[in-house]
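All residue numbers for the sequence shown refer to the UniProt record's numbering, where the first residue is 1 and numbers rise by one.
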Amino acid sequence: MVLPKELTTVTTFSKILALLLFITLPILAFVLGASYQKAIDDSQSIVLTPTPTPTEEVACTMDAKICPDGASVGRVPPNCEFEACPNEETPSTEYECPPGNYVNCMPGPIKSKNPDCSAAYIQWAESNCPGFEVVY
């Protein structure tokens, strides 16, 4: 079958049409798609920046305690108690302030006794650990 000459001739119009359809439109579509994707990514990106918790500073009075040997000691944060005298022995205690300044004394499924929930420890912690809390 022989096609007519109008269908087989390459004209200026067919060259422009081929350039537009096969080269310009794919490049334009790629550029527009990339810019659209970037706009979507920028609008959906959430940047979380942690806010540091401010530390509370404790101001103690400037009074001094005169030790038996004549030395003087001042108050020390965070409890603002006097320092121990240089040759004075401090009473030792087996207790320590809990991490996070709280103790969880809620009864749970495990029937173990929490040693930090004793009345003696709670009384000691309330007087020696600033900001101490007990959860019952």
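Ideal Cβ placement from N, Cα and C applies to all residues, glycine included.
Output the distance between the C-alpha atoms of residue i and residue j, rounded to the nearest integer angstrom.
i: G100; j: E81; result: 21 Å
i: E83; j: N128; result: 14 Å
i: W124; j: P68; result: 27 Å
i: P107; j: S43; result: 47 Å
i: V2; j: T24; result: 33 Å
i: M62; j: Y95; result: 28 Å
i: residue 141; j: D41; result: This structure cannot settle anything about residue 141, because the visible part of the chain is limited to 1 through 136.
i: L20; j: L48; result: 45 Å
Can you name the residues that DSSP bridges to residue i?
i: residue 139; result: Not covered by the structure: residue 139. The range shown for the chain is 1 to 136.
i: F82; result: R75
i: A120; result: Note: A120 sits in no beta bridge, so no partner.
Identify, in the order they occur along the chain, each residue of the same chain with its Cβ nearer than 7 Å to the Cβ of residue i, setting aside the five sequence neighbours on each side.
i: P26; result: none
State the CB to CB distance for the pair residue i and residue j, rounded to an integer number of angstroms; the pair is presumed to be in contact (CB under 8 Å).
i: A64; j: V73; result: 7 Å
i: C97; j: V134; result: Their Cβ separation, rounded to whole angstroms, is 13 Å, which puts C97 and V134 out of contact at 8 Å.
Excluding five sequence neighbours on each side, which residues of the same chain lie with their C-beta closer than 6 Å to the C-beta of residue i?
i: G131; result: N101
i: P86; result: A71
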